[in-house]
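Per UniProt numbering, the very first residue in the sequence shown carries number 1; after that it's consecutive. No residue lacks a Cβ here, since even glycine has one placed at the ideal position from N, Cα and C. Here's the structure, in structure tokens; my notes come after.
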Amino acid sequence: MKDVFVDGVLGAGFSKGAVRVRFYGLDMGQEVRQEHNLSLVMTVEGFLEVHAKFAEVMAQLKKSGLVKELPPAGGAGAAPVSPNFA
């Protein structure tokens with residue numbers, strides 16, 4: 001088995017019946033840039049399994065204090081700005 005380290009996700013999508021995720025590693029040359037280094041293609045079922053496992057890991061990270069909850073976008077209880085809500 002081969003392990004590949006990635007620094008982040010360039011993008012993800014669904015095409016031709018498969019979930020496709022493109023990862024990057026940082027190129028630390030003269031100019032630091034994100035360089036595509038891995039594509040992961042999986043079935044929808046496989047993606048759902050990955051999602052469930054990542055949710056478990058996220059819960060563990062939050063419980064241990066390594067990750068904190070982010071407030072909802074726009075802040076909780078933000079007043080509507082549309083005249084339709086006046």
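Where the alpha helix (DSSP H) through A52 begins and ends: First-last of the alpha helix (DSSP H) with A52: 44–63.
Which residues DSSP lists as bridging V35, in chain order: The amino acid at residue 35 is misidentified as Val; the sequence shows Glu. For E35, which the question treats as bridged, DSSP gives the partners G25.
Confirm, please, whether the CB-CB distance from V6 to G29 is below 8 Å. No. Outside cutoff.
Residue range of the beta strand (DSSP E) that includes F14: Per DSSP, F14 belongs to the beta strand (DSSP E) from 8–15.
Quick check: the Cα distance between E45 and A18, rounded to an integer number of angstroms? Whole-angstrom Cα-Cα distance: 10 Å.
Taking the DSSP output, what are the residues bridged to A73? Per the DSSP secondary-structure output, A73 pairs with nothing in a beta bridge.
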